[in-house]
Amino acid sequence: MQIIAHRGASYEAPENTLSAFGRALDAGADAIELDVYPLQDEWIVFHDRYLQRLTAHPGRLGDLTLDQVRRLKVFGQQAVPTLSEALDFIAGRCWVNIELKGADIQRGLTKQLLRAQRQAGFAAEQLVVSSFNHHWLRQLKTDHPEHRIGALTTSCPLNYAAFASELDAWSVHIDVDFVTPEFVADAHARDLQVFVFTVDEPRDMDELKVMGVDGIFTNRPADARQHLKL
Ligand code: G3P
Ligand code: MG
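When we follow my numbering, the leftmost residue of the sequence shown carries the number 1103, and every step to the right adds one.
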């Protein structure tokens, strides 16, 4: 079972920062998941639409300029990285799942996302772009068929993983509350990887292992590896 560090090792360090990514690499995570928002001409690594929880700054992320965001500190400690900085930092040491948040993928930013990936030396198969917005994923796959996409869901649809096949996705990423053995079997029959979020409890890890999922997103990659004896 693959261990994907959710927002980095975010139980130990401020989420989606270089510090959390460094801890994830130290823990031997197979992959790092990070969330990105487009801001001006950059992708920045940040989870929330609003700034309050992570930076104590009022207002929306999109209200600030890139320079202003770069002066903020996540949990008073760590800078908000750009996607390029994050990929340069990880630099092929594990595969990366970029989760697209918030804004329009068709604003010409796709090219920039792929440029950041190439500059950091990631092969196409070392990067999976995921989103809850399946329209963006379809656009990305149409424009760049060589790239892996991951279809996110917080539901167990009537026709299981059919939506991910329709997108020609490599993987399906499903909420731990809704994954079932039937869903996993259907996804595997469609040749899809199944990754489950967010799994920090040993009991859930044990159940998912029995279910045969391919990986878990966890905030605690070191503990997960220890528990699963990886
Ligand atoms: O990509 C899996 C998971 O991160 C999706 O939910 O809200 O934690 O980004 P969220
Ligand atoms: Mg995420």
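Every residue, glycine too, gets a C-beta built ideally from N, C-alpha and C.
Excluding its 5 nearest sequence neighbours in each direction, residue 1263 has C-beta neighbours in its own chain below 6 Å: 1274, 1288, 1289, 1292, 1294, listed in chain order. Contact annotation: residue 1156 and residue 1176 have beta-carbon atoms nearer than 8 Å. With a threshold of 16 other beta carbon atoms within 10 Å, residue 1280 falls short and is exposed. The alpha-carbon of residue 1130 is positioned some 20 Å away from that of residue 1310. At least one heavy atom of the ligand MG sits closer than 7 Å to the Cβ of residue 1201.
One Cα belongs to residue 1110, the other to residue 1180, and the distance between them is close to 13 Å. Cβ neighbours of residue 1257 within its own chain (closer than 7 Å, five residues either side excluded): 1280. For residue 1275, there is no enclosing alpha helix (DSSP H); the residue is part of the beta strand (DSSP E) that begins and ends at 1273-1277. Remark: the C-beta of residue 1236 is outside contact range of the ligand G3P, defined as less than 7 Å to any heavy atom.
Among the bridge pairs identified by DSSP, residue 1227 is matched with none.
For residue 1129, there is no enclosing alpha helix (DSSP H), as DSSP marks it with neither H nor E.
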